[in-house]
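Contents: one structure, followed by commentary.
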Amino acid sequence: MQVIFPFRQAADLTSIRERLTVRFGKIRVEDRPDPISQLVGSFIGSRTYDWKSWDAFVRLVQRYPSWDAVADAPVADLEAILEGVTFSEKKAPELRQALCSIRTRFGLIDLNFLADHSVDQALNCLEKIHGVGRKIAAATLNFSVLRKRTFVIDTHVLRILQRFGFVGMRADTKAAYDAVMASADGLDADDLFELHWQMKSLGQTICTHAQALCASCPLSDICLHRVENLTTLKAFLDKPGFEEAPIRTSLGHGDADFYLKGGLQHGVLHEVFARTGHEASATGFVAGLAVRVAADKHTLWIRQDFSAHEFGELSPSGLLELGFDPVRMLLLSVANASDGLRAANDALSCAALGAVVIEIPGSPKALDLTASRRLTLAAAQKSVTAFLLRFCAQPDASTAETRWLVRAAASQTQNEDWGYPAFEVDLIRNRHGKTGNWFMEWNCDERIFQNATAYHGAVVSASAN
Ligand code: SF4
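Count along the sequence shown from 1, then add 648; that gives the number in this note's numbering.
Right under this line is the structure:
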């Protein structure tokens, strides 16, 4: 029985298609196989990588001069040819049986006569063949030269339809097929072909069996799974008492820790703004915060391609001098702010990371209140802490837990000892405590922030640049 969710009414196939076309482009193929070749290809291809099943198909047609020869071949030979294909030991006898069944039923191994049948008649005919279910039957009719108006539902497509809320989580291929076809009024055979391959691409790259990277998904704003997750998360965040016991890491600086109620909170978004000309110092300050919070875990640092030219490279030896282990720092270079935010949202769902730093110069459109809300929600999922490092920008509305303004301060030098990197820090936003202003220095040996006095001496670079 077809299950219809209220959600589905708001998210029809047209919306899905539009979004998937923007992401994966148009997919049209003119060069199509004959129906028997397509049926055999689909038979071999189930639960197997496309390239593997294609290799096996090519071996098969090179080895045998006709489909009759395949039907008459010893099963052991077919199995050897299908080696590498998933369940080849089952597929070899079943393929042979299917071809024999077509020959017995229709007089010869040829399905071109289905061109004269209606879709329902053709499906009916094919599903009577041994081993042929709705998926293979629909593929034979839609992908081949028959080009009939059917929709192919493989495991990727079914998973997306289920997660999306288009069908129930227990719907099988047949039920999902009925649900899609009942909503596909304006779509012709080529549209359905295209929709299948677009959904499959989504299932292979973003909504995979192992994980749903919803933050990168073009369907995220209309997907039931995504909406349910956000609702659950919101309920969790809104729960009384949730805010009473967050995990915090002490910075080492007594006053700052006191104002932060014990230290920097994990699993939230923190913002650090560099005062003009003090980008390197802010970089060093954020590195210190990230190292404190990430502890033994890795930190992912996301920056744009041009950042190294504008603001300097993140140098491993510089990091080492500051007491950071460069091995625990992963650097991701992206083309623009949107890519950086998308990558950050995905990375924040990885519990193997302790912190994610997103370095964003200027005030790109992509970085609005919604983007900041997304980062906050993503950070809360696995308690990975997000740091937004802003250069050449003014503070704006956001959901950040804390916001810092940083400039370099003079280090306290003694003879040839250049002293520790020092910062003048303003905590200008603190959602759960007071704001303040301090001179801090980063103790490279102990890897903690400590109190420093304002000092007018040589300024030591506070950054890893
Ligand atoms: S939003 Fe998430 S669950 Fe929904 S289709 Fe996209 S990746 Fe899958």
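Every residue gets a Cβ at the ideal spot worked out from N, C-alpha and C, and that includes glycine.
_Heavy atom of the ligand SF4 within 6 Å of L867 beta-carbon_ = Residue numbering aside, residue 867 sits at position 219 when the sequence shown is read from its first letter. L867: yes, Cβ under 6 Å from the ligand SF4.
*Which residues mark the beginning and the end of the beta strand (DSSP E) in which V1054 is found?*
For the purposes of this step, residue 1054 is taken as residue 406 along the sequence shown, with counting starting at 1. For V1054, the enclosing beta strand (DSSP E) begins and ends at T1050 to A1057.
_Taking its Cβ as the centre, do 16 or more other Cβ atoms sit within 10 Å of Y697, making it buried, or is it exposed?_
Here residue 697 corresponds to residue number 49 of the sequence shown, with the count starting at 1. With fewer than 16 other Cβ atoms within 10 Å, it is exposed.
*Through-space distance from Q952 to R896, alpha-carbon basis*: In the sequence shown, counting from the first residue as 1, residue 896 sits at position 248. In the sequence shown, counting from the first residue as 1, residue 952 sits at position 304. Going by the C-alpha atoms only, they are around 29 Å apart.
_Integer Cβ distance of L762 from L789, believed to fall under 8 Å_ = Position 114 of the sequence shown, counted from the start, is the residue given in the question as residue 762. Position 141 of the sequence shown, counted from the start, is the residue given in the question as residue 789. With a contact defined as Cβ atoms closer than 8 Å, L762 and L789 qualify at about 7 Å.
*asked:* Given the structure, does R811 come close to the ligand SF4, in the sense that its CB is under 6 Å from one of the ligand's heavy atoms?
replied: Your numbering for residue 811 matches position 163 in the sequence shown. Because some heavy atom of the ligand SF4 lies under 6 Å away, the Cβ of R811 counts as near it: yes.
*Can you name the residues that DSSP bridges to S981?*
By 1-based counting over the sequence shown, the position of residue 981 is 333. S981 pairs with R951.
*Which value, in whole angstroms, describes the spacing of the CA atoms of C729 and E775?*
Along the sequence shown, read from residue 1 onward, the residue named residue 729 stands at position 81. Along the sequence shown, read from residue 1 onward, the residue named residue 775 stands at position 127. Here residue 729 turns out to be Ile, not Cys, going by the sequence shown. Taking the straight line from one Cα to the other gives about 26 Å.
_By the three-class DSSP mapping on this structure, what secondary structure does E958 have?_
Position 310 of the sequence shown, counted from the start, is the residue given in the question as residue 958. Note: E958 maps to helix in three-state DSSP.
*Where do the N-terminal and C-terminal ends of the alpha helix (DSSP H) with L937 fall, by residue?*
In the sequence shown, counting from the first residue as 1, residue 937 sits at position 289. Start and end: E927 to A942.
_Test item: CB-CB of S1046 and E1007 under 7 Å_ = Along the sequence shown, read from residue 1 onward, the residue named residue 1046 stands at position 398. Along the sequence shown, read from residue 1 onward, the residue named residue 1007 stands at position 359. Not a contact, by the Cβ cut-off of 7 Å.
*If you pair each beta-carbon of the region 997-1012 with each one of the region 940-951, do three or more pairs fall below 8 Å?*
yes
*asked:* Is C998 near the ligand SF4 - that is, is its Cβ less than 6 Å away from at least one heavy atom of it?
replied: Taking the sequence shown and counting its residues from 1, the one referred to as residue 998 is at position 350. C998 Cβ: outside cutoff for every heavy atom of the ligand SF4.
*May I ask which residues mark the beginning and end of the alpha helix (DSSP H) holding D869?*
Numbered from its first residue, the sequence shown carries residue 869 at position 221. Neither: D869 is in no alpha helix (DSSP H) and is coded neither H nor E.
*What residue from D1044, F959, A1000 and L970 has the CA that sits closest to K1013's CA?*
One-based indexing of the sequence shown puts residue 1013 at position 365. It is D1044.
*asked:* Can you give me the C-alpha to C-alpha distance between G755 and H778, rounded to a whole angstrom?
replied: The sequence position of residue 755 within the sequence shown is 107, counting from 1. The sequence position of residue 778 within the sequence shown is 130, counting from 1. Approximately 16 Å, taken between the alpha carbons.
*asked:* At a cut-off of 6 Å, would you count C1092 as near the ligand SF4, judging by its Cβ distance to the nearest heavy atom?
replied: Taking the first residue of the sequence shown as position 1, residue 1092 is located at position 444. Flag unset: Cβ of C1092 not near the ligand SF4.
*Taking DSSP as the reference, what is the three-state secondary structure of A634?*
An answer regarding residue 634 cannot be provided, because it is not within the stretch 649 to 1113 covered by the chain.
_Distance cut-off 6 Å: I854 Cβ against heavy atoms of the ligand SF4_ = Taking the first residue of the sequence shown as 1, we reach residue 854 at position 206. Flag set: Cβ of I854 near the ligand SF4.
*Is I664 near the ligand SF4, in the sense that its beta carbon is under 6 Å from a heavy atom of that ligand?*
The count along the sequence shown starts at 1 and reaches residue 664 at position 16. No, the ligand SF4 has no heavy atom inside 6 Å of this Cβ.
_Complete runs of the alpha helix (DSSP H) confined to the region 747-792 [at least 4 residues]_ = Those alpha helix (DSSP H) runs which fall completely within the region 747-792 and span 4+ residues are 767-774 and 782-791.
*In three-state DSSP terms, what is I1076?*
In the sequence shown, counting from the first residue as 1, residue 1076 sits at position 428. I1076 falls in the strand class under three-state DSSP.
*For I808, verify whether its CB is less than 6 Å away from any heavy atom of the ligand SF4.*
Counted from its first residue, the sequence shown places residue 808 at position 160. True, at least one ligand heavy atom lies under 6 Å from that Cβ.
*Measure the alpha-carbon distance for D869 versus R667 and round it to whole angstroms.*
Residue numbering aside, residue 869 sits at position 221 when the sequence shown is read from its first letter. Residue numbering aside, residue 667 sits at position 19 when the sequence shown is read from its first letter. C-alpha separation (whole angstroms): 10 Å.
*Hey, is the region 919-932 in contact with the region 1047-1061, meaning 3+ C-beta pairs nearer than 8 Å?*
yes
*asked:* Looking at the ligand SF4, does it come within less than 6 Å of A717, judged from the CB to the closest heavy atom?
replied: If you number the sequence shown from 1, residue 717 lands on position 69. Result no, Cβ not under 6 Å from the ligand SF4.
_Closest Cα partner of V978 within the set S736, A935, Y825 and P1009_ = Taking the first residue of the sequence shown as position 1, residue 978 is located at position 330. First, the amino acid is wrong: residue 978 is Leu here, not Val. For L978, the nearest C-alpha among the options comes from A935.
_Need the endpoints of the beta strand (DSSP E) that L708 sits in, please._
Stepping through the sequence shown from its first residue, residue 708 is reached at position 60. Annotation for L708: no beta strand (DSSP E) segment contains it, though the alpha helix (DSSP H) segment containing it runs D698 to R711.
*G1084 (DSSP reduced to helix, strand or coil)*: For the purposes of this step, residue 1084 is taken as the residue at position 436 of the sequence shown. If DSSP states are grouped into helix, strand and coil, G1084 belongs with the strands.
_Distance cut-off 6 Å: R874 Cβ against heavy atoms of the ligand SF4_ = For the purposes of this step, residue 874 is identified with residue 226 of the sequence shown, where counting begins at 1. Checking the Cβ of R874 against the ligand SF4 gives yes.
*Would you list the one or two residues that DSSP bridges to A860?*
Your numbering for residue 860 matches position 212 in the sequence shown. DSSP lists C855 as the bridge partner or partners of A860.
*asked:* Would you say the beta carbon of A995 is closer than 6 Å to some non-hydrogen atom of the ligand SF4?
replied: As a first step, residue 995 must be located in the sequence shown, where it is residue number 347. It does not: the Cβ of A995 is nowhere closer than 6 Å to a heavy atom of the ligand SF4.
*Figure out for me which residue from G1081, W715, G1067 and T798 has the closest Cα to the Cα of R782.*
Stepping through the sequence shown from its first residue, residue 782 is reached at position 134. Per the Cα distances, T798.
*Across which residues does DSSP place T1033 in a beta bridge pair?*
The residue you call residue 1033 lines up with position 385 of the sequence shown. BP columns for T1033 point to A1003.
*When DSSP builds the beta bridges, which residues end up paired with E1089?*
Within the sequence shown, residue 1089 is the residue found at index 441, counting from 1. Answer is A1070 and Q1098.
*Going by the CB atoms, is the gap between L1023 and A1034 shorter than 7 Å?*
To locate residue 1034, count along the sequence shown from 1; it is residue 386. To locate residue 1023, count along the sequence shown from 1; it is residue 375. A contact, by the Cβ cut-off of 7 Å.
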